[in-house]
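Asker:
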Amino acid sequence: MNPVALTDFPFLSLVLWLPLAGTLLCLLLRHSPGACRWLSLLTTLAVLLLCVWLFIELPHAAGWLLQEDQPWIPSFGIRYSLSLDGISLLLVTLTALLQVGAVLISWKQRQHPALFYALVLVMETGIIGVFLATDLILFYLFWELMLIPMLFLIGIWGHGNRVYAALKFFFFTLAGSLFMLLALISLYLIHGEQTGVYSFALEALKNTSLTPTTEMLLYLGFMLAFVVKVPLFPFHTWLPDAHTEAPAAGSVDLAGLLLKTGIYGMIRFAFPFFPHAAQQSLPFLAILALIGIFYAAWIAYVQTDIKRVIAYSSVSHMGFVILGLSAWNQLAWEGSLLLMIGHGVTTGALFIMIAMLQDRTGSRDLRVLGGMWKSLPFFSAFFLLFSLASLGLPGLANFAGEILVLLGSFTRFPLLAAFAVAGVVFSAAYMLRLVQGVLWGPLGQLCKIGDKDCLHADLDRREWLLLIPLALLVVWLGLYPAPVLAPLSGPISLLLKGGGLP
Amino acid sequence: MDSRLLFLLILLPLTGGVFNACFGCRLPRALVALLAIGAIVGSFGVTLLCWPLAAEGTQVTLFTWLASAGLKADIGLFFDPLAATMTLMVTGVASLIHIYAAGYMEHEEDQARFFALLNLFVCAMLCIILADNLLLLFLGWEGVGVCSYGLIGFWYAKSENALAGRKAFIVTRIGDLFFTIALLWLFSLLGTVNIAEINQRATELDPVLLTPLVLLLLGGACGKSAQFPLMTWLPDAMAGPTPVSALIHAATMVTAGVYLLCRLFPLVSLSATGMAVIAAVGALTALYAASCAVAQREIKRVLAYSTMSQIGYMFLAVGVGSVAAAIDHLLVHAFFKALLFMGAGALIHLAGGENDIYKMGGLKQKSPLLFWLFLIGILCLAGAPLSGGFFSMAAIVFAAFTRGDGFLACLWGIGVFTAGLTSFYSFRLLYLVFFGSYRGKKTAHRLSPLLIWTLPPLALFGLFGGLFNLPHFYGGHELLGAWLGSTPAKELPLVTELGLLVLMSLFFVAGWLPAHLLYRNFEVEAESSWRRFLLQGWRFDALYEWLVLRPYRFTARFCFIAGDKGLIDGVVEGLGRTLLHWGGYMRQLATGQLSFYLQGFAWGLLLMVGWLLLKAVV
Amino acid sequence: MIVPFEHLLVLASLLFFLGLMAVLVRRNLIMILIGVEIMLNAAGLVLVGASALWQQVDGQVLVIFLMALTSAEVSISLAMVVYLNHRKQTVDVRAFNELRG
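Chains as they are written, first to last, in the numbering used here: chain C, 5 to 506; chain B, 13 to 630; chain S, 29 to 129.
As structure tokens, this is what we get:
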């Protein structure tokens with residue numbers, strides 16, 4: 005394969021805008037839900053195939069693998085620039101994968117199906133855009149673009165307290181990102197004054213020289229947007245509500261992807277722009293991350309809603325990711341990113357399974373569920389597998405990332421890392437409580453009401469199709485993560501150096 | 013011979029397990045069992061085939077599992093005498109137990125799940141034994157934990173079973189926490205997770221750090237091996253099917269802790285304090301568990317506590333520096349304890365599913381063969397002179413005595429005393445089950461021949477297992493010790509050695525006599541608070557409930573209600589409410605009356621004009 | 029110029045304030061519209077005067093625009109008044125407060 009041919013063709017734009025094209029078609033075809041469904045499935049599949057192809061074909065180099073750059077609003081120095089390196093490649097592929105899952109799990113969407121699929125596709129464009137954009141304005145645009153479909157997904161198709169959850173989610177993240185907007189404009193102006201070149205480009209802004217105070221302020225502005233999205237303790241309370249009320253596709257996207265954009269923003273923008281401030285903040289980040297790990301694991305232990313358990317477990321896992329980042333070494337960073345991928349897959353899969361469970365039983369309450377293995381053995385086997393992966397069982401997806409994070413961070417913060425290991429025990433506590441509540445024990449109260457309803461149908465063909473690849477992926481990531489680590493190591497070592505290690 | 017053959021050891025059970033898990037429910041029952049048995053027996057055959065590879069220590073790598081900046085963890089095996097011995101024992105015992113299980117579970121549902129988990133368990137256990145690095149060992153370590161979790165809760169429809177599984181998993185995971193920290197620490201100090209390298213370079217470590225490291229490793233070993241203070245899960249784990257108890261909670265998994273300490277013995281032995289603590293933990297647990305076993309009523313719980321106690325002896329052996337004695341006892345114990353558990357399973361069938369030994373009795377008449385086999389197990393457990401258990405236990409006690417300073421002498425005393433207790437509860441069990449008249453009401457189930465005929469090989473190995481490592485004193489050659497390459501035990505003066513021997517025999521008799529008198533013709537036993545205290549394992553469960561679980565739940569609830577709902581959401585929603593409040597005031601400005609707005613314009617205009625005029629004048 | 033510009037300005041401001049007062053004080057929609065017209069004409073007057081003063085044609089052009097605009101505006105607003113009257117049988121502005129916050 006000829007690398008020149010790859011760079012000439014605007015693959016990135018194709019990946020980015022294909023879902024949006026799907027959206028428009030969806031809206032045109034809004035009177036035939038079936039067509040919309042297939043259309044969105046085909047679109048997401050096409051994006052996935054393209055991403056997988058890129059993943060296989062692109063070399064594992066340290067720098068950018070693909071770039072596109074066009075002037076967009078020249079008078080302000082805003083450019084349409086997309087770039088892809090190993091990190092974004094993985095995250096884009098993960099996005100494409102989970103979106104297929106999100107479409108498949110909403111296959112039976114009855115309420116405004118066209119609009120629903122259209123929004124899911126818009127979200128895909130938004131998230132992929134965040135992972136690709138290297139112009140700050142473009143990045144900001146996609147950053148906000150992600151919010152809107154999610155707001156509607158939660159607000160229109162959500163469960164019970166959906167408006168509260170949607171608004172909470174929206175305001176939390178919007179409040180954070182406004183600080184980022186402020187900071188990025190200041191950065192733009194400062195850089196412009198210093199060099200005379202007004203530009204929002206990542207590469208240009210990296211070299212701005214700032215006084216320590218300004219640097220810290222701007223860094224905090226950026227970080228506020230990112231830690232809210234991650235979410236880091238104590239900015240996490242939007243997540244459980246949003247997760248609980250969101251429809252299945254929304255939960256999958258939230259947990260699997262939206263949370264990752266925060267981490268991505270940190271390593272792509274906040275750390276390289278403000279290396280000194282970043283170094284100063286690392287111990288605080290580590291401590292907040294540790295608190296988050298414990299705090300969320302504790303809270304997850306007393307939840308009765310399955311989705312809330314998983315939501316808090318996400319907060320806990322993201323704590324591990326941040327802990328890895330704050331250790332600032334190759335091992336921990338590779339672990340953090342691997343954990344992100346692993347968490348995306350396992351948590352995405354768990355939310356998908358919860359949606360299946362809710363389809364069948366109509367409940368997500370641990371107090372009334374139980375004994376599912378009896379009626380749904382295959383479903384339960386998958387559920388157990390993903391739960392075990394989520395609690396960090398070696399050989400499954402999350403462990404590889406977690407252990408790398410722990411190994412890496414132990415060299416920098418031995419005490420914190422040692423405590424973080426305890427978080428693993430806590431995660432066993434809440435995950436097994438979840439498994440106990442759903443799979444084991446006598447058939448739950450739910451079943452005593454009407455016994456006939458208890459014989460639920462086990463997985464149908466669509467569900468098998470959805471779960472098998474995810475299960476294989478979980479095992480693959482756990483046992484042979486080398487293909488995923490390979491594209492990561494180059495960019496990470498660049499970022500660690502470029503991030504201004506003393 | 014191609015050393016990659018060694019991977020078959022792991023891959024055979026793995027394939028069997030995965031295959032049964034995926035397709036087992038579509039296959040006929042017999043085929044499921046046959047596949048599972050075939051996988052394990054195959055593994056056993058491979059072990060025999062590969063035996064010559066062990067003498068030199070063979071290292072073989074399949075592929076790199078995790079590699080990143082300085083870390084390199086392979087899926088790699090290390091087959092040395094220690095590993096080979098363990099592998100042979102595990103695959104051998106597992107083969108017999110699989111065959112036994114085929115008979116035991118023939119009428120149960122979900123056979124595929126059972127055998128899949130059992131196969132996967134063997135695979136994970138072999139991972140522990142054969143791993144050439146700590147990460148792979150950890151994979152096996154957690155893998156056996158999960159399989160044990162699934163198998164304890166095999167009859168999941170009863171919540172207690174599933175809860176027992178969960179308890180086992182979480183308590184052992186608390187131990188794993190320490191093991192993980194030790195792993196992280198070792199990596200950050202030495203930059204490697206390879207076991208052989210760690211052992212080689214252990215002397216480079218700062219002696220100050222050694223003791224905490226060894227203690228952390230001990231913590232991990234304690235969790236898995238149910239030693240004090242993480243022992244509460246083992247008795248509850250008896251909720252699982254009997255073959256599971258025999259395989260996992262008697263012969264193999266629970267000895268993983270001992271194996272870990274032996275594997276890392278070059279490191280462990282460097283810390284004198286650490287060794288002393290290991291010995292103390294072992295001796296204390298041996299005593300504690302034996303005392304609990306005295307009062308147990310369920311047959312499997314007696315055996316569970318006895319397992320705990322025997323593993324305590326192994327820890328004691330490691331602690332006094334005698335790996336050979338520890339491994340010898342581990343092997344012999346695996347054989348006779350598997351025998352006892354499998355026998356117990358058969359007895360429960362004979363008693364119509366009754367667990368309570370107070371409701372058994374007189375079973376000798378029902379199956380004399382079973383009685384003789386069980387008797388062999390009991391003799392080994394009690395340490396009857398010249399049985400396998402006697403030699404291996406005596407070796408440990410001797411080792412404690414010979415290396416002894418004041419502290420170890422104390423532990424030696426505990427060890428000898430516990431031997432007496434062991435003899436007492438073993439014979440109590442024997443008498444209660446086999447002698448007297450049948451006290452139960454249930455009728456016997458049919459015994460599958462598989463349940464009986466898998467026992468004799470184990471009985472044979474249990475009985476003559478002591479010959480593996482027979483000390484020179486008895487004309488043996490310490491074969492096992494030489495094979496493992498450990499230093500031979502110090503020669504003692506003849507008188508001392510004889511004296512110790514007689515002492516051990518005396519304690520055996522001292523345990524047997526009261527049991528004989530009390531339980532030979534047993535009718536009923538009076539309740540007493542002491543007995544209840546021992547029955548409940550010194551109430552450690554209640555203690556942990558108060559000390560750990562309640563505070564944990566309280567903190568969890570506190571965090572949720574006061575932290576998340578109260579503080580964080582309170583601040584956020586408070587902010588929102590304040591804004592709404594002020595918005596309410598602002599709203600009143602929008603009257604909807606055009607003239608009101610225009611008035612605003614007019615006043616504004618007036619103000620501007622006035623301002624301009626003022627400026628013009630000034 | 030036959031009239032001093034200052035006089036013209038005074039007249040225009042008087043007219044403007046008269047119009048403004050009419051808009052602010054009157055409740056009748058028609059009277060308010062008349063007030064608006066008076067204000068517009070006051071502005072036109074200033075424009076014409078300024079145009080004459082500086083001998084520039086721009087002001088007059090603007091006034092022509094203004095007149096066209098005013099006539100259009102009046103026709104639309106009167107139509108709306110008729111419509112509003114039809115809706116609520118009154119032309120009192122107090123009746124139309126749907127935008128109240």
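Each residue gets a CB set at the ideal place from its N, CA and C atoms; glycine is no exception.
Quick one: measure Cβ to Cβ for Ala249/B and Ala176/B, integer angstroms, because I've assumed they're closer than 8 Å.
Answerer: Right, their Cβ atoms sit about 6 Å apart.
Asker: Residues in the segment 607-628 of chain B with C-beta within 8 Å of chain S's C-beta atoms, listed in sequence order?
Answerer: Residues passing the 8 Å Cβ filter: Ser607, Leu610, Gln611 and Ala614.
Asker: Closest Cβ-Cβ distance between Trp77/B and chain C: below 8 Å?
Answerer: So, interface residue.
Asker: To the nearest angstrom, report how far apart Met320/B and Ser237/B are at their CA atoms.
Answerer: The straight-line gap from Cα to Cα measures roughly 7 Å.
Asker: Nearest-angstrom Cα distance between Leu467/B and Gly357/B?
Answerer: If you take the alpha carbons of Leu467/B and Gly357/B, they lie about 11 Å apart.
Asker: Would Ser44/C be called buried (16 or more neighbouring beta carbons within 10 Å of its own) or exposed?
Answerer: That one is buried.
Asker: So, is Asp218/B buried or exposed, given that buried needs 16 or more other C-beta atoms within 10 angstroms?
Answerer: Exposed.
Asker: Within this structure, are the beta carbons of Val478/C and Ile186/B separated by less than 8 Å?
Answerer: Result no, Cβ atoms of Val478/C and Ile186/B do not sit closer than 8 Å.
Asker: Quick one: is Gly38/C buried, meaning 16 or more other Cβ sit within 10 Å of its Cβ, or exposed?
Answerer: Result: exposed.
Asker: Check each residue of the segment 50-75 of chain S: if its Cβ is closer than 9 Å to any Cβ of chain B, include it; give the result in chain order.
Answerer: Cβ contacts with chain B: Val51, Leu52, Val53, Arg54, Arg55 and Ile60.
Asker: For Lys501/C, is the classification buried or exposed, using 16 other Cβ atoms within 10 angstroms of its Cβ as the cut-off for buried?
Answerer: Under this definition Lys501/C is an exposed residue.
Asker: Taking only three categories from DSSP, how would you classify Ile87/B?
Answerer: Ile87/B: strand per DSSP, three-state reduction.
Asker: State buried or exposed for Arg466/C, treating a residue as buried only when at least 16 other CB atoms are found within 10 Å of its CB.
Answerer: Result: exposed.
Asker: For a contact defined as C-beta to C-beta under 8 Å, what are the partners of Ser200/B on chain C?
Answerer: Within chain C, the residues near Ser200/B are Leu411, Phe414, Thr415 and Pro418.
Asker: Kindly indicate the opening and closing residues of the alpha helix (DSSP H) around Phe150/B.
Answerer: Here the alpha helix (DSSP H) through Phe150/B covers Leu146 to Ile164.
Asker: For Gly69/B, which option in Ile464/B, Pro93/B and Ala79/B has the closest C-alpha, if you only look at C-alpha atoms?
Answerer: Here the closest residue by C-alpha is Pro93/B.
Asker: When DSSP builds the beta bridges, which residues end up paired with Val77/C?
Answerer: Note that residue 77/C corresponds to Ile in the displayed sequence, not to Val. DSSP lists Ile82/C as partners of Ile77/C.
Asker: For Val121/S, return the contacting residues in chain B, with the cut-off set at a CB-CB distance below 8 Å.
Answerer: By Cβ distance, chain B contributes Gln605, Leu606 and Ser607.
Asker: Going by other Cβ atoms of all chains shown within 10 Å of its Cβ, with 16 needed for buried, is Val31/S buried or exposed?
Answerer: Exposed, by the Cβ-count rule.
Asker: Taking 8 Å as the CB-CB cut-off, is Ile303/C touching chain B?
Answerer: It does; some Cβ of chain B falls within 8 Å.
Asker: Give me the subset of the segment 432-457 of chain B whose CB atoms are less than 9 Å from a CB atom of chain C, sorted by chain position.
Answerer: Taking 9 Å as the Cβ-Cβ cut-off against chain C, none of the residues of the segment 432-457 of chain B qualify.
Asker: Using 8 Å for Cβ pairs, my map puts Arg416/C next to Trp332/C. What's the rounded Cβ distance?
Answerer: Contact holds; Cβ gap of about 7 Å.
Asker: Measure from the C-beta of Ile22/B to each C-beta in chain C and report whether the shortest distance is under 8 Å.
Answerer: Chain C contact via Cβ: absent.
Asker: How many angstroms separate the CA atom of Leu101/C from the CA atom of Leu52/C?
Answerer: Leu101/C and Leu52/C: Cα-Cα distance of roughly 6 Å.
Asker: How would you label Pro398/C, buried or exposed, when you count the other beta carbons within 10 angstroms and need 16 or more for buried?
Answerer: It counts as buried.
Asker: Roughly how many whole angstroms lie between the Cα atoms of Val442/C and Gly375/C?
Answerer: Taking the straight line joining both Cα atoms gives about 6 Å.
Asker: To the nearest angstrom, how far is the alpha carbon of Phe423/C from that of Leu151/C?
Answerer: Going from the Cα of Phe423/C to the Cα of Leu151/C covers about 35 Å.
Asker: Below 7 Å on C-beta distance, what does Asp576/B contact in chain C?
Answerer: Those within 7 Å of Asp576/B in chain C are Thr241 and Ile303.
Asker: Start and end of the alpha helix (DSSP H) containing Ala123/B?
Answerer: What sits at residue 123/B in the sequence shown is Gln, not Ala. Where Gln123/B is concerned, the enclosing alpha helix (DSSP H) stretches over Gln123 to Leu142.
Asker: Using a cut-off of 9 Å between C-beta atoms, extract the partners of Glu126/S located in chain B.
Answerer: Simply Gly604.
Asker: Please identify, using Cβ separations under 7 Å, the residues of the segment 204-222 of chain C that lie next to chain D, in order along the chain.
Answerer: The chain labelled as chain D is not found among the protein chains of the depicted structure, namely C, B and S.
Asker: Ala329/B and Ala337/B look like a contact to me (Cβ under 8 Å); what is the Cβ gap, rounded to whole Å?
Answerer: The Cβ separation is near 4 Å, so the contact holds.
Asker: Can you pull the DSSP bridge partners for Asn56/S?
Answerer: In the DSSP output, where bridge partners are listed per residue, Asn56/S has Asp120/S.
Asker: So what does DSSP say about Val85/S, is it helix, strand or coil?
Answerer: DSSP places Val85/S in coil when its eight states are reduced to three.
Asker: Along chain B, in chain order, which residues have C-beta atoms closer than 8 Å to that of Glu338/C?
Answerer: Correct list: Ser80 and Ala81.
Asker: Rounding to the nearest angstrom, what Cα-Cα distance links Ile356/C and Ala252/C in this structure?
Answerer: Cα-Cα distance, rounded: 6 Å.
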